[in-house]
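Report on one structure; see the data block that follows.
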Amino acid sequence: MRPGKMLREVLGSIFKKPATNLYPAQKMDMPEGFRGKIKFDPEKCIGCKMCMRDCPTNAITINKVGEGKFEAVFDLSRCIYCAQCVDTCPKKALSTTKEVELAQLDKNKLRVVFHSKE
Ligand code: SF4
Ligand code: SF4
């Protein structure tokens, strides 16, 4: 690149909006359909365990905790946020969220339990 052209680029970039943001001070606005942390709705689950069958990393476990009552346990250290479980669930009991701040220092906190309906 010629020095004159380079100087024009440098001066031009001074007045441009930055391409990056000031995360974490400035939160990111995730787009629609973003595949963040998976959410479980115990009201809809019928315990078919098809989500467990299709999860490529064995990150989800469905436990029967009563008659017609199921809880979901997610191991976020295994989950790759592919949302295959969401696509598989015939009752739409699983859904994606825009939650991305999931890092933990304590690995035990990556085990997330969604308790069954009362
Ligand atoms: S696939 Fe859906 S309905 Fe079946 S066990 Fe999983 S969450 Fe429940
Ligand atoms: S998002 Fe993918 S990896 Fe995570 S629990 Fe669902 S199927 Fe498994």
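Heads up: the sequence shown is residues 0 to 117, going by numbering that gives the first Met the number 0.
Where a beta carbon is used, it is the ideal one built from N, C-alpha and C, also for glycine.
Bear in mind that the values here come from a model prediction, so they are computed numbers and not experimental data.
Report the rounded CA-to-CA distance for V146 versus I13, giving the unit in angstroms.
Nothing about residue 146 can be reported from this structure: the residues present for the chain run from 0 to 117 only.
Just tell me which of K90, L101, D74 and E98 has its CA closest to the CA of A58.
D74
Report the rounded CA-to-CA distance for E98 versus F113, giving the unit in angstroms.
16 angstroms
Roughly how many angstroms lie between the CA atoms of N107 and N20, to the nearest whole one?
31 angstroms
For V9, report the span of its beta strand (DSSP E) as first-last.
That residue, V9, is in no beta strand (DSSP E); its alpha helix (DSSP H) goes P2 to I13.
Could you tell me if the beta carbon of I37 falls within a distance shorter than 7 angstroms of some heavy atom in ligand 1?
no
Rounding to the nearest angstrom, what Cα-Cα distance links T87 and C50 in this structure?
6 angstroms
Give me, in chain order, the residues of the same chain whose beta-carbon lies closer than 8 angstroms to that of I79; leave out the 5 immediate sequence neighbours on both sides.
P55, T56 and A58
If you count every other CB in all the chains shown that lies within 10 Å of the CB of I193, and 16 or more means buried, which is it?
Limits of the chain in this structure are 0 at one end and 117 at the other, which puts residue 193 out of reach.
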